[in-house]
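Trainee:
In our numbering, the protein residues as written are 4 to 631.
1) Could you have a look at residue 46 and say whether DSSP puts it in helix, strand or coil?
2) From what residue to what residue does the beta strand (DSSP E) around residue 171 run?
3) Would you say residue 233 and residue 181 are within 7 Å of each other, going by their C-beta atoms?
4) Give the C-beta separation of residue 267 and residue 294 to the nearest angstrom, bearing in mind that I take them to be a contact with Cβ-Cβ under 8 Å.
5) Have a look at residue 146 and residue 75 and give me their C-alpha separation to the nearest angstrom.
6) Is it a yes or a no for the region 131-141 touching the region 201-213, going by three-plus beta-carbon pairs under 8 Å?
7) Which partner residues does residue 504 have in the DSSP bridge list?
8) Go through its chain and collect everything with a Cβ distance to residue 4's Cβ below 6 Å, but skip five positions before and after it.
9) Cβ-heavy atom distance between residue 631 and the ligand NAD below 6 Å?
10) Are the CB atoms of residue 509 and residue 50 nearer to each other than 7 Å?
11) Does the pairing of the region 513-525 with the region 487-500 give three or more beta-carbon distances under 8 Å?
12) Which value, in whole angstroms, describes the spacing of the CA atoms of residue 84 and residue 566?
13) With 16 as the cutoff for other CB atoms within 10 Å, does residue 603 come out buried or exposed?
14) Cα separation between residue 118 and residue 194?
15) For residue 718, which residues in the same chain have their Cβ closer than 6 Å to its Cβ, ignoring the five residues on either side in sequence?
16) DSSP three-state label for residue 368, please.
17) Shortest alpha-carbon distance to residue 262 belongs to which of 301, 420 and 611?
18) Is residue 117 helix, strand or coil by DSSP?
19) For a cutoff of 7 Å on Cβ pairs, would you count residue 361 as touching chain B?
20) Following the continuous alpha helix (DSSP H) through residue 157, name the residue where it begins and the one where it ends.
21) Where residue 471 and residue 86 are concerned, what is the direct C-alpha to C-alpha distance, given to the nearest angstrom?
22) Suppose the cutoff is 6 Å on Cβ atoms and the five residues either side in sequence are ignored; what does the same chain contact list for residue 454 look like?
23) Using only CA atoms, which one of 133, 446, 52 and 159 lies nearest to residue 638?
24) Relative to the C-alpha of residue 505, which candidate in 495, 468, 473 and 545 has its C-alpha closest?
25) In chain order, what residues of the same chain have a beta carbon less than 6 Å from the beta carbon of residue 407, not counting five sequence neighbours either side?
26) Can you tell which of 562, 350 and 440 has its C-alpha closest to the C-alpha of residue 364?
27) What is the DSSP secondary structure of residue 615, reduced to helix, strand or coil?
28) When burial is assigned at 16 or more other CB atoms within 10 Å of the CB, is residue 594 buried or exposed?
29) Look up residue 441 in the DSSP assignment and say whether it is helix, strand or coil.
30) Suppose contacts are defined by Cβ-Cβ distances below 7 Å. Is residue 427 in contact with residue 111 by that definition?
31) Taking only the alpha-carbon atoms, compute the straight-line gap between residue 548 and residue 105 and give it to the nearest angstrom.
32) In chain order, what residues of the same chain lie with their CB nearer than 7 Å to the CB of residue 240, ignoring the 5 residues before and after it?
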């Protein structure tokens, strides 16, 4: 394992700091009518995001820290799944208990996986048992774009959005003749991946568009757990199989009304090790993540756009040991959303709506009543000369513990055409998971939501030539944290006893140096559990990332560098690490291409969770075809 010195982290920091000092986003064009929350905006002009306000706005205008990974960023990345991709976002760390498909987690500004919300096309897909989503099951072959918002935005989305939001958008069809594409990959650990898709219009005038993509990935993997640290675990290699499909269909009834359906399903079978079993045990987790929605968007007046969505999000985890099923946790999230965007003037816009959520769990490990949530929300985005304001409020009424209020207030001041200062303050909550409430011998039906208050201040420089450079100072204070406390008889019961504080500074840069596309980030933070004054588990105080890609004739070449300091992991310490990944693509013809990538170039031995192995050096080759 390699522990980066403070100098190594400082060199990563200089990538961002020097960019801010050496460069002097053009004004982004606003969409004529804002898309719905789950509608990916057009990227024909300046980059546009929707997650930071629930409506379309230029990326450079976002008061919350927002990161966009578009189709080119996804193609450039060495990652196979959404978890690996967002590791390149500022303020984001990941954990993984082994190889592809293994149990994983994400920390945004020190917030845990249960305190960070994951959406697929606007649909919640978390396990209601655990309270977190399986990002490691979401393959990039079905992904059109990803947005990450850092910071407390429960006032927009409700529970879980304390650390931030990760929103994954499936691929959309475009109004052209149907076009087919496919890829086939082979590489280390006998990894095989095949993907294919088709998208386009079903009619001559392009009013009905569609997209369909399928993929299959299989790898023999490696032993997830280090047998020297867990001798009771099976030392065999732990493989993974994923089969995924995504589809969209949209019909434009007129220039102002459209409707459609979206669907994504990922099925994974993951072999895993049990450190408390016996060396001959064969353990498998059969997982499914599904997002399905029906939507309609339309203009009621020239200034009033309305959106209707009915959706289902599903998370399934069924555990098998030695060929016999031992447990099941099948979660359902049913959402009903009515959102309205109202334009008072070109400079002042409102968003308001109603959301209903039904959550249920089918499990042989615990019995829990269904949860029902009724929510109302409202938001305002406006300009007053050089000043910009964002204000959001939300009320969530839960059937099990009562109500929770959230708010967000942000302000930005444009110092000139390029420089911008901003600040925000927000309050949010996380609802207890079904495990927290009802798990036998440890659940507590009387516990209340976790609470947090966040403040941040940022300075941003944006230019068309270079991109967006931003430095943000942030602080989040947590109270009522749910922890498991010994009741005196040997049982650990969920209680609201925890407190924590995360303070930090993050820098980010997304832009260009000449013809080279660059993405860089660095975070310095102090994530402290205030009940014992120790660092929060698996959170590094310093971490950074850098990626750069460039097109040279028929070639596109690039690389990634991900570096982290040490992290505590209960009674152990995970050493810091630095990992370099490289990739190169060559266009054989206008349609055929070949891609080669090397992961972990220097064959570093490191851990994302104590005792769990990570992939060593690996090489992968892909051949693909797309329309010219």
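Even glycine gets a Cβ: it sits at the ideal position worked out from N, Cα and C.
Mentor: The structure says:
1) Its pLDDT being 41, under 50, residue 46 is placed unreliably by the model, and nothing is read from it.
2) 167-173
3) no
4) 5 Å
5) 11 Å
6) no
7) 480 and 531
8) In this prediction, residue 4 has a pLDDT of 35, which is less than 50 and means its spatial position is unreliable; what the coordinates show is noted afterwards. Here the set comprises 578, 608 and 609.
9) Judged by which ligands are present, the structure shown has none, so any question about the ligand NAD falls away.
10) no
11) no
12) 19 Å
13) buried
14) 33 Å
15) Nothing can be reported for residue 718: it is not among the residues displayed for the chain, which extend from 4 to 631.
16) coil
17) 301
18) helix
19) Although the question refers to chain B, the structure presented lacks it and comprises just one protein chain.
20) 157-160
21) 24 Å
22) 432, 482 and 483
23) The structure shown does not extend to residue 638, since the chain is modelled only from 4 through 631, so no value can be given for it.
24) 545
25) 399, 432 and 452
26) 440
27) strand
28) exposed
29) helix
30) no
31) 23 Å
32) 223, 224, 225 and 226
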